[in-house]
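Heads up: the structure comes next, in structure tokens.
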């Protein structure tokens, strides 16, 4: 996602942005941080006033560093699997303050009970949460108790 400034200049009236980066699993953390620094710095001069939607993986959206209000963020094309994904999601939400968020998690890879803390930056703006939790493996034959525990945790923390 290098070159956000060029996208902003070429498409100043853009409302919907979908970024697909098939090679991102090979990105090093330092590369992601460098891209984010470049993209956030470039927006000091010019960025969109707002976007209707922004879609991509957590790493891509984090690296883009979009610093304007985004009505809907969709990261359901990606699966949150590790702590760094949640931390990066929190930064993206803090930058964009979306009113709608779509995400997908795998319960056996991502501690879904920690999701509430990563959603906190959008607490005041988030009106719609589209959440898909995949329960896979022997431990999740009946996911109902886990889902109830997750929802109770969210309502207490959120």
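Residue numbers (my numbering): 35 to 192.
Just so you know, even glycine gets a beta-carbon here, dropped at the ideal spot from N, CA and C.
Predicted model, so just to flag it, every value in this text is computed and none were measured.
For residue i, which option in the options has the closest C-alpha, if you only look at C-alpha atoms?
i: residue 44; options: 94, 137, 65 and 81; result: 81
i: residue 117; options: 186, 77, 67 and 152; result: 152
i: residue 101; options: 119, 63, 72 and 148; result: 72
i: residue 138; options: 149, 46 and 109; result: 109
i: residue 47; options: 63, 83 and 76; result: 83
i: residue 79; options: 125, 129, 40 and 62; result: 40
i: residue 8; options: 182, 129 and 161; result: In the structure as shown, the chain starts at 35 and stops at 192, and residue 8 therefore has no counterpart that could be examined.
Quick one: grab the DSSP three-state call for residue i.
i: residue 167; result: strand
i: residue 87; result: strand
i: residue 159; result: coil
i: residue 100; result: coil
i: residue 131; result: coil
i: residue 78; result: coil
i: residue 105; result: strand
i: residue 53; result: coil
i: residue 48; result: coil
Determine the contact status of residue i and residue j, defining contact as a CB-CB distance below 8 Å.
i: residue 38; j: residue 98; result: yes
i: residue 122; j: residue 96; result: yes
i: residue 94; j: residue 55; result: yes
i: residue 120; j: residue 149; result: yes
Identify, in the order they occur along the chain, each residue of the same chain with its Cβ nearer than 6 Å to the Cβ of residue i, setting aside the five sequence neighbours on each side.
i: residue 50; result: 86 and 87
Kindly list the residues whose CB is nearer than 8 Å to the CB of residue i, restricted to its own chain and excluding five residues on each side of it in sequence; keep chain order.
i: residue 131; result: 103, 104, 155, 156, 158 and 159
i: residue 58; result: 91, 93 and 94
i: residue 70; result: 96, 97, 98 and 99
Which whole-angstrom value describes the C-beta separation of residue i and residue j, a residue pair presumed to lie in contact below a C-beta threshold of 8 Å?
i: residue 140; j: residue 106; result: With 8 Å as the limit, residue 140 and residue 106 do not qualify as a contact, their Cβ atoms being about 22 Å apart.
i: residue 135; j: residue 114; result: Actually they are not in contact, since the Cβ atoms of residue 135 and residue 114 sit about 12 Å apart, beyond 8 Å.
Got a sec? Which residues, its chain only, sit under 7 Å from residue i by beta carbon, not counting five neighbours each side?
i: residue 42; result: 80, 81 and 82
i: residue 74; result: 99 and 101
i: residue 66; result: 93, 96 and 97
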